[in-house]
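Colleague:
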Amino acid sequence: MNTLAIRWKSDLNKSVLISNFNKRGWLQGSSEDDWNFYWCNVQSARNIFNLENGCRLADNQIVNHFPNHYELTKKDLMVKNIKRYRKDLEKEFNSIAKRNLQGKYMFLDFIPTTFILPADYNIFKEEFRKNPSSTWIMKPTGKARGIGIFLINHLSQIKNWSSDNRGSPKKETYVISKYIENPLLIGGKKFDLRVYVLVTSYRPLKCYIYQLGFCRFCSVKYIANELDNIYVHLTNVSIQKRGDDYNDIHGGKWTVQDLRLHLESIKGELIANRLFEEINWLIVHSLKSVQAVMVNDKHCFECYGYDIIIDDAMKPWLIEVNASPSLTSTTVNDRIMKYNLVNDTLNIATSKNELSGY
Amino acid sequence: MAANNDDVSGQLALEFSQTSLNYKIQEAVQEYLVKPQVTSSNVFKSLQHYLTDLGWKNAIGNQVYTRLNRYTDSSFGVSESSTYKEKLTYIRKAQENWEKKIAKSFNTMCKQQSLELVKKIQHELDLCYNSNVDRYQNILIQRSKSDEWQIRADLDSLGKFDNSSVSMLDLNDSCGYHMHEFGNLQFIYSVKDFYEIVTSVRNPAIEDNLSFFNSHWGVMNLHFKVKELEDFKKQFKDLSTNVYHSSIKDRKYQNKTARLEEERLKLGKKVVEKNHAPLSREFSKRGCPRSLRGQLWKQMLGVSLEEVDLYYYEQLVKHVCSYDMLVDKLIRKDIRLTSANDSHYFPFEDLFYQAMLAFTRDTAVLKHFNNSSATPSKAYHKGKSESPENLIIYPPNVAPICYLFEDCESIYFVLRELYTRFFFRLHTLSSHPQGILNLCVTFESLLQSHYPRLFYHLREIKAQPLKIAFKWMMFAFSGYLSPEDVLLLWDKIIAYYSLEVLSVLAVAIFAFRKDNLMQAQTLENVERIMADISQIQIIPLLQSYLFMGNL
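Those protein sequence lines, which keep their order, are chains C and P.
If you're matching positions, the first sequence starts at 1 in full-length UniProt numbering and goes up one per residue.
If you're matching positions, the second sequence starts at 1 in full-length UniProt numbering and goes up one per residue.
1) Could you give the distance in angstroms between the alpha-carbon of C/PHE37 and the alpha-carbon of C/VAL63?
2) Counting Cβ pairs, one atom from each stretch, are 3 or more of them under 8 Å apart for the stretch 452-465 of chain P and the stretch 226-245 of chain C?
3) Confirm, please, whether the CB-CB distance from C/THR255 to C/PHE217 is below 7 Å.
4) Enumerated in chain order, which unbroken segments of the alpha helix (DSSP H) with a length of 4 residues or greater are wholly contained in the stretch 256-338 of chain P?
5) First and last residue of the beta strand (DSSP E) that includes C/TYR38?
6) Between which two residues does the alpha helix (DSSP H) holding P/MET474 run?
7) Give a yes or no on whether 7 Å exceeds the smallest Cβ distance from C/SER219 to chain P.
8) Does the structure place the stretch 267-283 of chain C close enough to the stretch 152-160 of chain C that three or more beta carbon pairs sit under 8 Å?
9) Would you grab the beta carbon distance between C/ASN322 and C/ALA144 for me? Rounded to a whole angstrom, and I think it's under 8 Å.
10) May I have the straight-line CA-CA distance separating C/VAL332 from P/ILE529, to the nearest angstrom?
11) Within its chain, find whatever has a CB closer than 7 Å to the CB of P/THR19; leave out the 5 residues flanking it on each side and keep chain order.
12) For the structure I just gave you, are there three or more beta carbon pairs, one from the stretch 195-208 of chain P and one from the stretch 401-418 of chain P, closer than 8 Å?
13) Please check if any C-beta of chain P sits within less than 7 Å of the C-beta of C/ILE249.
14) In terms of residue numbering, what span does the beta strand (DSSP E) encompassing C/ASN322 cover?
15) Once you ignore the five residues that flank P/LEU310 on each side, which residues in its own chain have a CB closer than 7 Å to its CB?
16) Which chain P residues sit within Cβ distance under 7 Å of C/ILE186?
17) Just to confirm the assignment: which complete alpha helix (DSSP H) runs, minimum length 4, are found wholly within the stretch 160-217 of chain C?
18) Does the beta carbon of P/ASP350 sit closer than 7 Å to a beta carbon anywhere in chain C?
19) Quick check on DSSP: helix, strand or coil for C/GLU52?
20) Identify the residues that DSSP records as bridge partners of C/LYS116: which are they?
21) Determine the direct distance from the alpha carbon of C/GLY251 to that of C/ALA292, and round the result to whole angstroms.
22) Check distances from the C-beta atoms of the stretch 326-345 of chain P to those of chain C and list, in chain order, the residues that come in under 8 Å.
23) Since C/GLU269 is in the alpha helix (DSSP H), which residue starts that stretch and which ends it?
24) According to a CB-to-CB cut-off of less than 7 Å, which residues of the stretch 402-424 of chain P neighbour chain C?
25) Is P/GLN434 near P/LEU499, with beta carbons less than 7 Å apart?
26) Just the C-alpha distance for P/LYS266 and P/ARG259, rounded to the nearest angstrom, thanks.
27) Does C/HIS299 get closer than 7 Å to chain P when you measure Cβ to Cβ?
28) Starting from P/PRO483, find everything on chain C with Cβ-Cβ shorter than 8 Å and list it in chain order.
29) Return the residue from the list P/TRP98, P/VAL38 and P/GLN354 that minimises the CA-CA distance to P/CYS402.
30) If the cut is a Cβ gap below 8 Å, which residues of chain C does P/ARG293 touch?
31) Less than 8 Å between C-beta atoms, sequence neighbours within five positions excluded: which residues of the same chain meet that for C/ASN81?
32) From what residue to what residue does the beta strand (DSSP E) around C/THR255 run?
33) Could you give the distance in angstroms between the alpha-carbon of C/ASP307 and the alpha-carbon of C/TRP317?
34) Is it buried or exposed for C/GLU302, if we count other Cβ within 10 angstroms and need 16 for buried?
35) Only counting runs of 4 or more residues, tell me where the alpha helix (DSSP H) segments fall wholly within the stretch 55-129 of chain C, in order along the chain.
36) Please report whether the beta-carbon of C/ASN333 lies at a distance below 7 Å from any beta-carbon of chain P.
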């Protein structure tokens with residue numbers, strides 16, 4: 001056996017990963033600790049970086065998560081960090097934190113108004129009373145793939161929720177965000193954008209935005225007031241898959257190139273270009289908001305999945321950031337795209353420090 | 001035909017008198033004439049100035065121009081008589097037989113499925129229709145739901161997307177080499193059927209054993225005089241490589257092309273502002289910039305979407321809601337099997353479905369049969385005289401239009417113009433220079449004269465090139481190329497007012513893949529090589545085929 005080959009380890013048994021490892025001639029590590037490259041899930045990442053564990057990564061080891069990635073990828077922490085980032089900039093009188101006449105940030109207003117429940121309940125109540133007819137979306141902070149999400153438009157619904165929540169043994173923190181009620185619709189359907197962002201270092205900040213993102217469509221026509229029908233509102237593939245109208249040939253996924261062609265055709269090049277530029281800035285600002293708190297371990301890189309919704313005024317909104325974007329391929333095109341994503345990620349991530357075998 | 005000149009202008013005047021523009025101008029003239037500064041001595045001249053200043057002259061010009069295109073591109077008269085439509089008897093006969101075959105297929109299906117061609121929908125009639133588009137959409141949704149329910153009750157069609165059991169066209173059958181059986185699915189006809197009809201048309205005056213005519217290696221049995229490569233070079237001189245062409249995305253030269261594209265966009269905006277159809281066509285020959293394509297297409301096709309057009313569309317939607325036609329189910333099926341399954345077009349499924357349903361109710365579509373060799377199949381709803389004619393026509397595969405517009409109305413009218421000006425020629429038999437027969441002959445003759453080794457090789461391994469290229473041309477490459485390239489290709493079709501570019505592109509693709517094709521030993525190999533052409537960028541390909549000579 002070639003002892004100089006790079007050893008890989010993976011918590012995910014995904015073909016797009018393994019075929020990429022094999023293509024490079026890497027070998028699967030023979031034991032638990034025998035690895036140079038570890039594509040792990042967030043639980044393992046927590047164990048690796050656990051201080052009590054006391055294990056230090058060797059020079060020739062890299063991992064696909066930063067130790068405290070949750071500063072960005074946990075819903076409540078992301079909101080906290082972005083709010084703090086804005087305030088800090090405002091204190092410095094930085095012109096990026098300028099506000100317009102309505103008192104809104106001109107450049108940093110890229111997340112929907114969000115509160116953390118139960119902690120911010122009183123502030124939320126005040127905000128809600130200002131616009132009593134508005135719709136809000138409740139999400140558990142630590143869960144992904146659309147689990148536990150529901151929409152509300154009455155305060156009483158929160159009260160019901162909190163009494164239920166108190167009854168259950170596991171007390172969960174939720175975030176409540178202003179629901180984007182006027183999303184841009186294509187063919188009458190709602191969609192969101194999945195953009196992949198690779199970060200290899202936070203200080204200095206080095207990030208790469210992947211060009212081949214995609215749109216995820218709801219399978220059912222958008223009707224704003226149908227709060228109970230999740231197929232209308234939630235674009236998560238894991239939810240849409242359960243719907244009757246789910247189509248497994250394209251999986252409701254549309255490439256960003258097709259979106260761009262359509263938007264340039266109907267809205268004009270200027271507006272489309274501005275939209276994509278704003279998306280890029282939104283990503284940069286969100287990363288800068290955690291730049292100071294992130295443990296900049298040189299053994300780490302991370303490939304984030306950004307979820308972005310575009311409203312009908314062509315303004316992009318950051319919904320959330322995923323630490324482990326799904327590598328499951330739902331369709332043929334999806335497989336090709338994800339294979340290329342992993343390939344490019346590995347090319348960039350492994351070039352930063354000399355990765356070699358023992 | 002010179003004798004037809006008077007006919008044409010008379011016809012145009014008649015058509016023009018029925019347009020909304022005519023009324024508007026009349027109104028404007030009346031308003032102008034009562035003004036005090038108008039005297040009897042200067043009335044004619046000042047009126048002319050007045051109309052020009054208000055842009056009416058341009059508008060009239062556009063109207064006449066877009067209508068004129070229909071008549072002047074060939075020797076095909078505007079006469080109603082069938083001999084004028086198609087002069088060659090044997091082609092006329094072939095088309096008649098083909099139509100009979102389709103009609104028969106329809107009728108058998110109706111019997112088998114115990115459905116009627118046209119049926120009034122009782123429970124929807126009480127709904128009143130306001131000018132609210134959303135309501136229409138809701139009605140449409142309701143209707144399609146009740147439809148699905150009805151079909152489900154009628155038939156036990158199963159399978160994932162099979163909520164109706166019939167289809168107009170078997171698209172999954174790529175030239176018929178692997179027929180799929182979808183439960184009790186039926187198709188009116190497949191690409192293979194039409195391919196067989198097209199290749200079997202022959203001139204009875206020419207005997208098979210004449211060796212002179214047997215120099216053809218292809219499968220077409222016709223001996224039309226077709227254009228040569230040199231003719232196409234002249235025709236498409238705007239594709240020459242020393243001319244900047246919109247939407248060529250070359251990363252290497254991005255900075256250089258960005259400035260050229262910017263200039264072109266500037267020029268394009270001026271052109272769009274002028275709203276002058278011939279100018280728009282001239283501009284579009286070098287490709288439409290993405291953000292102007294929708295407007296340019298509308299100008300070139302004479303789609304202006306005035307109030308009366310919107311009202312017209314509204315009426316069509318009303319008809320859709322009140323009459324149930326068998327063809328609806330076919331269309332639903334087709335869209336389900338094609339656009340709805342296509343990762344490029346699925347978001348537009350509902351928009352497209354609505355536009356297609358309206359299309360089947362539109363009696364204006366019938367007009368194009370005046371200069372086509374085909375005759376429409378009509379079905380009347382029994383007992384009701386106001387019933388719309390049921391057009392049993394092949395649904396055009398025009399989902400790419402949905403990329404350009406948000407509103408159903410624009411999609412619909414552009415679709416209708418594209419179909420009645422161009423795409424109907426791709427599935428009717430005629431000797432028209434842009435008909436499918438001519439396109440096929442052109443394809444074979446270009447390929448044979450410029451790539452004889454390739455053609456001979458393919459013929460030897462029993463992989464006739466037309467077998468592969470036929471479906472591309474029949475669908476104007478829609479569904480085979482990437483959406484952007486389909487739109488770029490259709491820019492050419494509209495701007496040059498010609499479908500001939502389809503043959504040229506098909507040859508260019510064969511030329512582009514010729515090294516691989518020469519290695520192929522079986523028909524399956526060839527099919528595999530040509531199965532995916534979605535990565536091909538057609539503009540650079542056409543340029544190098546026509547002008548670089550390096551293919």
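Every residue gets a Cβ at the ideal spot worked out from N, C-alpha and C, and that includes glycine.
Fair warning: this is a prediction, and the values are worked out from it, not measured in the lab.
Modeller: Result, derived from the coordinates:
1) One-based indexing of the first sequence puts residue 37 of chain C at position 37. One-based indexing of the first sequence puts residue 63 of chain C at position 63. One C-alpha to the other measures close to 6 Å.
2) no
3) For the purposes of this step, residue 217 of chain C is taken as the residue at position 217 of the first sequence. For the purposes of this step, residue 255 of chain C is taken as the residue at position 255 of the first sequence. No, the Cβ-Cβ distance between C/PHE217 and C/THR255 is not below 7 Å.
4) 277-284, 293-301, 307-322 and 326-337
5) In the first sequence, residue 38 of chain C corresponds to position 38, counting from 1. Counting along the chain, the beta strand (DSSP E) containing C/TYR38 begins and ends at 37-39.
6) In the second sequence, residue 474 of chain P corresponds to position 474, counting from 1. That run of the alpha helix (DSSP H) goes 465-474.
7) For the purposes of this step, residue 219 of chain C is taken as the residue at position 219 of the first sequence. So, not an interface residue.
8) no
9) Translated into the one-based positions of the first sequence, residue 322 of chain C becomes position 322. Translated into the one-based positions of the first sequence, residue 144 of chain C becomes position 144. Right, their Cβ atoms sit about 6 Å apart.
10) Here residue 332 of chain C refers to the residue found at position 332 when the first sequence is read from its first residue. Here residue 529 of chain P refers to the residue found at position 529 when the second sequence is read from its first residue. Straight-line Cα distance between these residues: approximately 18 Å.
11) The residue labelled residue 19 of chain P in the question sits at position 19 within the second sequence. For P/THR19, where only same-chain residues beyond five positions count, the Cβ hits under 7 Å are GLN63.
12) no
13) In the first sequence, counting from the first residue as 1, residue 249 of chain C sits at position 249. By this cut-off, C/ILE249 is an interface position.
14) On the first sequence, position 322 is the one that residue 322 of chain C refers to. Its beta strand (DSSP E) spans residues 316-322.
15) Here residue 310 of chain P refers to the residue found at position 310 when the second sequence is read from its first residue. Excluding residues within five positions, the ones whose Cβ falls inside 7 Å are GLU409.
16) Within the first sequence, the letter at position 186 stands for residue 186 of chain C. The answer, in chain order, is PRO347.
17) none
18) Taking the second sequence and counting its residues from 1, one reaches residue 350 of chain P at position 350. Chain C contact via Cβ: present.
19) Along the first sequence, one-based indexing puts residue 52 of chain C at 52. Three-state result, C/GLU52: coil.
20) If you number the first sequence from 1, residue 116 of chain C lands on position 116. The sequence shown places Ile at residue 116 of chain C, rather than the Lys named in the question. BP columns for C/ILE116 point to C/VAL175.
21) Within the first sequence, residue 292 of chain C is the residue found at index 292, counting from 1. Within the first sequence, residue 251 of chain C is the residue found at index 251, counting from 1. Spanning the two alpha carbons is a distance of roughly 38 Å.
22) ALA340, ASN341, ASP342, SER343 and HIS344
23) Within the first sequence, the letter at position 269 stands for residue 269 of chain C. Counting along the chain, the alpha helix (DSSP H) containing C/GLU269 begins and ends at 269-291.
24) TYR403, LEU404, PHE405 and GLU406
25) The residue you call residue 434 of chain P lines up with position 434 of the second sequence. The residue you call residue 499 of chain P lines up with position 499 of the second sequence. Yes, these two residues count as a Cβ contact at 7 Å.
26) Within the second sequence, residue 266 of chain P is the residue found at index 266, counting from 1. Within the second sequence, residue 259 of chain P is the residue found at index 259, counting from 1. Distance between the alpha carbons of P/LYS266 and P/ARG259 is about 11 Å.
27) For the purposes of this step, residue 299 of chain C is identified with residue 299 of the first sequence, where counting begins at 1. Not an interface residue.
28) Working through the second sequence from its first residue, we reach residue 483 of chain P at position 483. Here the neighbours are ASP258 and LEU261.
29) The sequence position of residue 402 of chain P within the second sequence is 402, counting from 1. Ranking P/TRP98, P/VAL38 and P/GLN354 by Cα distance to P/CYS402 puts P/GLN354 first.
30) In the second sequence, the residue the question calls residue 293 of chain P occupies position 293. Residues of chain C passing the Cβ test: SER265.
31) For the purposes of this step, residue 81 of chain C is taken as the residue at position 81 of the first sequence. Cβ within range, chain order: GLU71, LEU72, SER289, VAL290 and VAL293.
32) Position 255 of the first sequence, counting from 1, holds the residue named residue 255 of chain C. Note, C/THR255: beta strand (DSSP E), 253-255.
33) Here residue 307 of chain C corresponds to residue number 307 of the first sequence, with the count starting at 1. Here residue 317 of chain C corresponds to residue number 317 of the first sequence, with the count starting at 1. Distance between the alpha carbons of C/ASP307 and C/TRP317 is about 9 Å.
34) For the purposes of this step, residue 302 of chain C is taken as the residue at position 302 of the first sequence. Result: buried.
35) 70-73 and 75-91
36) Working through the first sequence from its first residue, we reach residue 333 of chain C at position 333. Chain P, which has a Cβ nearer than 7 Å to the Cβ of C/ASN333, makes this yes.
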